[in-house]
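Notes to accompany the following structure.
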Amino acid sequence: MSERRQDYKRHGSRYKARMRAVDILFEAESRDVDPVAIIDDRHKLARDTNPIVAPVAEYTETIINGVAVELDTLDVFLAEHIAETWTLGRLPSVDRAILRVASWEMIYNTDVPVTTAIVEAVEIASQYSGDKSSAYINATLDAMASKVETLRERAANPEAVLAEASESLDDAPVAPWDDSDALDDSDEDFESVDAAEVFEAEETVEVSEVAEDSEVSKVSEEKADES
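Residues 178 to 404 (the numbering used here) make up the sequence shown, in order.
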């Protein structure tokens with residue numbers, strides 16, 4: 178078994194659910210579609226006689242629905258706390274997705290320890306984007322964690338949050354699923370691992386190791402034939 182596959186086995190189902198949520202948010206922004214609609218599509222594809230995607234984990238769906246509803250408030254909070262040398266709208270879209278998942282957990286899901294949300298977000302960032310992204314994602318989430326109770330209180334009144342938001346917080350508002358800027362190197366790296374890395378991460382426990390290894394072997398043989 179490869180080192181990468183062993184690495185996945187060290188993570189629990191919630192880590193995989195977060196990874197898939199990041200994947201879906203990234204896809205939604207890139208395609209300019211509602212992430213909730215992507216979830217619906219995944220459910221339909223997973224119910225096919227010969228499904229081509231794994232079922233969406235319940236916690237992934239919880240994250241996506243939560244981020245979709247609270248997106249505007251989350252983005253205001255993120256813009257307030259992101260490092261001065263960065264702006265939310267200019268980040269790679271995969272980093273925005275990671276920040277949105279983690280900040281939603283920190284503010285809206287009190288069942289998840291704040292430290293856990295941060296640590297796993299940084300780990301996902303290191304896997305998808307690299308050390309540079311991990312550093313400012315860590316700094317942003319740490320800054321939010323230091324006043325998380327205040328943020329939770331403010332989040333209870335989203336209309337006030339949006340009314341108080343300053344236009345200077347960002348160069349320009351980011352439409353919910355707009356990814357009009359050209360992809361940078363981080364986005365390209367993320368797309369390159371999408372099929373191999375993310376799909377494996379999202380596999381559910383119901384999929385047996387035998388079936389899993391069989392699929393990997395089949396893909397390898399097909400690639401070899403094409404070569």
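Cβ coordinates follow ideal geometry from the N, Cα and C atoms, glycine included. Computed from a prediction, not measured in an experiment: that's the story for all the values here.
Under 8 Å between the Cβ atoms of Ile216 and Glu204? Result no, Cβ atoms of Ile216 and Glu204 do not sit closer than 8 Å.
Runs of alpha helix (DSSP H) lying entirely within the region 243-273, each at least 4 residues, in chain order: The region 243-273 contains no whole alpha helix (DSSP H) run of 4 or more residues.
Can we say the region 308-323 touches the region 251-258, given the rule of at least three CB pairs closer than 8 Å? Result yes; three or more Cβ-Cβ pairs closer than 8 Å.
Locate the alpha helix (DSSP H) running through His220, then write down its first and last residues. For His220, the enclosing alpha helix (DSSP H) begins and ends at 212-223.
Which residue from Ala342, Val244, Ala223 puts its Cα closest to that of Ala234? Of the listed residues, the one whose Cα sits closest to Ala234 is Ala223.
Between the region 226-245 and the region 194-209, do three or more beta carbon pairs fall short of 8 Å? Counting C-beta pairs with one atom in each stretch, the region 226-245 and the region 194-209 have three or more that are closer than 8 Å, which means they touch.
Rounded separation between Ala316 and Val296 - CA only: Distance between the alpha carbons of Ala316 and Val296: 11 Å.
If contacts are defined as beta-carbon pairs under 8 Å, then Ala274 and Val199 qualify, I think. What distance do you get, rounded to the angstrom? With 8 Å as the limit, Ala274 and Val199 qualify as a contact, their Cβ atoms being about 5 Å apart.
Looking at Val278: is its Cβ nearer than 8 Å to the Cβ of Val244? Yes, Cβ-Cβ distance for Val278 and Val244 is below 8 Å.
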